[in-house]
Amino acid sequence: MSNLKEILINKKICKSVWFMRQAGRYLPEFKKIRSQNQNFINLCLNSELSSEITLQPIKRFNLDSAIIFSDILMVPYALNQKVEFLKNHGPKLENFNLNNFLKNNDIDFIEKLKPVYKAIEITRKKLDKEKSLISFIGAPWTLLIYMFGAKLNKKEIDLKIINKKKNEIVLVLEKLINYLCLHIDNQIKAGADVVQIFDSWAGLIPQEDLNSFCYVPNFKIVEFCKKKGIPVICFPRGIGENYEDFNNLVKPDGINIDYNVDPKWAKQNLKGTVIQGGLDPKILLLSDEEIYNNVRKYLDAFKGLPYVFNLGHGMLPETNPEKVDKLIKFYRDY
Ligand code: CP3
Numbered sequence: 053m054s055n056l057k058e059i060l061i062n063k064k065i066c067k068s069v070w071f072m073r074q075a076g077r078y079l080p081e082f083k084k085i086r087s088q089n090q091n092f093i094n095l096c097l098n099s100e101l102s103s104e105i106t107l108q109p110i111k112r113f114n115l116d117s118a119i120i121f122s123d124i125l126m127v128p129y130a131l132n133q134k135v136e137f138l139k140n141h142g143p144k145l146e147n148f149n150l151n152n153f154l155k156n157n158d159i160d161f162i163e164k165l166k167p168v169y170k171a172i173e174i175t176r177k178k179l180d181k182e183k184s185l186i187s188f189i190g191a192p193w194t195l196l197i198y199m200f201g202a203k204l205n206k207k208e209i210d211l212k213i214i215n216k217k218k219n220e221i222v223l224v225l226e227k228l229i230n231y232l233c234l235h236i237d238n239q240i241k242a243g244a245d246v247v248q249i250f251d252s253w254a255g256l257i258p259q260e261d262l263n264s265f266c267y268v269p270n271f272k273i274v275e276f277c278k279k280k281g282i283p284v285i286c287f288p289r290g291i292g293e294n295y296e297d298f299n300n301l302v303k304p305d306g307i308n309i310d311y312n313v314d315p316k317w318a319k320q321n322l323k324g325t326v327i328q329g330g331l332d333p334k335i336l337l338l339s340d341e342e343i344y345n346n347v348r349k350y351l352d353a354f355k356g357l358p359y360v361f362n363l364g365h366g367m368l369p370e371t372n373p374e375k376v377d378k379l380i381k382f383y384r385d386y
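Taking the working numbering, the leading residue of the sequence shown gets 53, the next gets one more, and so forth.
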């Protein structure tokens, strides 16, 4: 069993490190492939290349787990909403149309995602048996934010859209839960052995809607993973002290804290659940000493507890891979 699963399932106290967005973005070997593949969706649909990119950070750093190279927006793509990734602009989705959305069906959805499952199969064969292969999804709310084009900027969503369309939101979230469970099921069948749910925009949900837009959808998907016997890690980014309610209601195997969550607070208030991550990815842009001082804060806080080393959000594109190497060595020697 991989050390990640030993920690998540058996609450074993041992070391395990991987990073959100470890594959892609900052590695020169990724940038080379990316420059030759301008269409990002097509790159995700290229099973051989996707597998190769997944394994790049494993080869370079000998990380304990691989996360499949894909994107949370492959789901709207498979639900026939056009997705484009514009240079220096992020993702751009075609306008949402409820009737078109409701016309989707399970068989066509899976058909469109087959290359992702193939990439998982190829990767599983090449990956050391002692390492986990992590599959992932975007949580329904986070996907909906992109599908509805509801994001104004990094910190705000258009509440007018949200308030005007409450009934539609609940319907779409419910449908998304089914598709996402189907996507998880197929990723497991292809060889993934851990699931991570990214609710990157949970922090933008109005307090009164947290239950129906965040806790309930995450809970249903976590229950599905538990039924399948596969460990699941949730990442409800940006919800502050609501992490406690989230944890008590959703009860995932692991919970990734973001960099605004104080590790000591997390230790006190997220009892019973394995904590993962926390370190601000911006710290990796600082000096070695500053990196080590910040890493110590997490390792000291979670000493004697099962803890998975990771970041408090994705690796930044400007990260120097040498710093990542030093960080891993420091963690393993500590
Ligand atoms: O961890 C990994 O590297 C595995 C692959 C992975 C990608 N996206 C590849 C990617 C994972 C796990 C994701 C998750 C993802 N995608 C999230 C949740 C995590 C988070 O960061 O909050 C979100 C919100 C997305 C949506 C998305 N995809 C955005 C906003 C963007 C544009 C800018 C960026 O990089 O964040 C993407 C594109 C994307 N997905 C890239 C990569 C490597 C960059 C593509 C490029 O080279 O232009």
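Ideal placement from N, C-alpha and C gives every residue a C-beta, glycine not left out.
Computed from a predicted model, the values in this text were never measured in an experiment.
The closest heavy atom of the ligand CP3 lies less than 7 Å from the beta carbon of P143. Within the region 75-160, the complete alpha helix (DSSP H) segments of 4 residues or longer fall at 80-87, 92-96, 99-113, 126-130 and 150-154, listed in chain order.
Per DSSP, the continuous alpha helix (DSSP H) segment holding F271 begins and ends at V268 to K280. Counting only runs that start and end inside the region 171-215, the beta strand (DSSP E) elements of at least 3 residues fall at 184-190. Leaving aside the five residues that flank Y383 on each side, the residues in its chain whose CB is nearer than 8 Å to its CB run, in chain order, K67, V69, V347, L351 and F361. Here the alpha carbons of Q133 and E146 stand approximately 6 Å from one another.
At least one heavy atom of the ligand CP3 sits closer than 7 Å to the Cβ of L125.
Residue side-chain check: F188 places its Cβ nearer than 7 Å to a non-hydrogen atom of the ligand CP3. Assignment of Y383 by DSSP, reduced to helix, strand and coil, places it in the helix class. A Cβ-Cβ distance of about 6 Å is found for the pair I307 and L322, placing them in contact under the 8 Å criterion. Secondary structure of N312 (DSSP, three-state): coil.
For V268, the closest of P304, L234, K280 and A244 by C-alpha to C-alpha distance is P304. In the structure shown, P288 adopts extended strand secondary structure according to DSSP, grouped into three states.
Distances from the CA of F137 to each of V222, F200 and L125 were compared; the closest alpha carbon is that of L125. Separation of I249 and S339 (C-alpha to C-alpha, rounded to the nearest whole angstrom) is 31 Å.
In this structure, I119 has its CB closer than 7 Å to one or more heavy atoms of the ligand CP3.
By the neighbour-count criterion, in which 16 or more other beta carbons inside 10 Å mark a residue as buried, Q108 falls on the buried side. DSSP places F298 inside the alpha helix (DSSP H), whose first and last residues are N294 to V302. By the Cβ test, the region 162-173 is not in contact with the region 213-226, since fewer than three Cβ pairs between them sit closer than 8 Å. With respect to L357, P333 sits apart: the two C-beta atoms are not nearer than 8 Å. As the crow flies, the alpha-carbon of Q239 is around 6 Å from that of S187. Using a Cβ-Cβ distance cut-off of 8 Å, the region 74-90 and the region 154-166 are not in contact, since fewer than three pairs of beta carbons, one from each stretch, lie closer than that value. Note on geometry: alpha-carbon atoms of L95 and Q320 lie some 43 Å from one another. Excluding sequence positions up to five before and after I105, its CB lies within less than 7 Å of the CB of A75, G76, F82, I85 and F121, all in the same chain and listed in chain order. A straight-line Cα-Cα distance of about 22 Å links N300 and K355. D116 and L56 do touch by the CB rule: their CB atoms are close to 6 Å apart, below 8 Å.
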